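Engineer: My structure is below; once you've seen it, I'll send some questions.
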Amino acid sequence: MLNIVLYEPEIPANTGNIGRTCVATNTRLHLIEPLGFRLDEKSLRRAGMDYWKDLDVTTYIDFNDFMEKNPDAKIYMATTKAQNVYTDVKYEPDCYIMFGKESAGIPEEILVKHKDDSIRIPMVGDIRSLNLGNSVAVVLYEALRQNNFEGMNLQGHLHRLSWD
């Protein structure tokens, strides 16, 4: 099972949206505190809709707590500062993909220890970054694609009509 890690997320709607994406993809969500919101906030639940109750989510008091509880985790660090493009790596079926807080990303003190495992989403111009929820979706679906969308529905179905 793939894992998404949010380092000190600040915006509840982004985390709610990411939580919904995690439920839809059978992905675990890991939240590293401090959070910029309470987990019972209405805006978090609204973005996650009624899926939040189905989310496999774990919180950690800080990055050290996360590392202590996941000592063998293969972690990819998503950052605009990376030299590797997110499509250049091979995502293991149980890897962790970490994203930083909206205002500052992952601290450079953490990134320098993960140079070869840091990845970026290419962008043009002086755009600082994509929305956190969009970034998670882009990288997560590449990891899912590389793992053949294991356990996911690959067939769509019309509600009233048929494709015939």
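This note's numbering applies: residue 867 is where the sequence shown begins, and numbers increase by one.
Glycine included, each C-beta is placed from N, C-alpha and C at the ideal position.
None of the values given here were measured: they were computed from a predicted structure.
1) Jot down the residue ranges of each uninterrupted alpha helix (DSSP H) in the region 920-995, minimum 4 residues, whole runs only, in chain order.
2) Hey, Tyr952 and Ile985 are a contact pair by Cβ (cut 8 Å); roughly how many whole angstroms apart?
3) Can you list, in chain order, the residues of its chain whose CB lies under 7 Å from that of Ala1003, leaving out five sequence neighbours each side?
4) Does the region 915-925 come into contact with the region 959-979, if we say contact requires no fewer than three beta-carbon pairs (one atom in each stretch) closer than 8 Å?
5) If you follow the alpha helix (DSSP H) that Tyr917 is in, where does it begin and where does it stop?
6) If you draw a straight line from the alpha carbon of Ser969 to that of Leu1024, how long is it in whole angstroms?
7) Going by CA-CA distance only, name the one from Leu977, Pro878, Glu1016 and Asn1019 that's closest to Lys947.
8) Figure out for me which residue from Leu1010, Leu1027 and Gly902 has the closest Cα to the Cα of Leu1020.
9) So, under 8 Å CB-CB, Thr945 and Ile972 are touching, yes? Tell me the CB distance rounded to an integer number of Å.
10) Would Glu974 be called buried (16 or more neighbouring beta carbons within 10 Å of its own) or exposed?
11) When you compare only the Cα positions, how much space is there between Glu1031 and Ile987?
12) I need the DSSP call for Leu1034, collapsed to helix, strand or coil.
13) What does DSSP give as the partner residue(s) for Val1004 in the beta ladder?
Structural biologist: In this structure, then:
1) 929-935 and 974-977
2) Residue mapping note: residue 952 aligns to position 86 of the sequence shown, counting from 1. Residue mapping note: residue 985 aligns to position 119 of the sequence shown, counting from 1. At roughly 4 Å, the Cβ-Cβ gap stays under 8 Å, so Tyr952 and Ile985 are in contact.
3) Translated into positions along the sequence shown, residue 1003 becomes position 137. Same-chain partners within the cutoff: Thr887.
4) no
5) What you label residue 917 is simply residue 51 of the sequence shown in a count that begins at 1. Note, Tyr917: premise wrong, no alpha helix (DSSP H); not H, not E.
6) Along the sequence shown, one-based indexing puts residue 969 at 103. Along the sequence shown, one-based indexing puts residue 1024 at 158. Cα to Cα, Ser969 sits roughly 41 Å from Leu1024.
7) Counting from 1 along the sequence shown, the entry for residue 947 is found at position 81. Considering only alpha carbons, the answer is Leu977.
8) As a working mapping, residue 1020 is identified with position 154 in the sequence shown. Nearest C-alpha to Leu1020: Leu1010.
9) Here the question's residue 945 lines up with position 79 in the sequence shown. Here the question's residue 972 lines up with position 106 in the sequence shown. So it is a contact: roughly 5 Å between Cβ atoms.
10) Taking the first residue of the sequence shown as position 1, residue 974 is located at position 108. Under this definition Glu974 is an exposed residue.
11) With the chain covering 867 to 1030 only, the question about residue 1031 has no answer from this structure.
12) With the chain covering 867 to 1030 only, the question about residue 1034 has no answer from this structure.
13) On the sequence shown, position 138 is the one that residue 1004 refers to. Looking at the DSSP assignment, Val1004 forms no beta bridge with any residue, so it has no partner.
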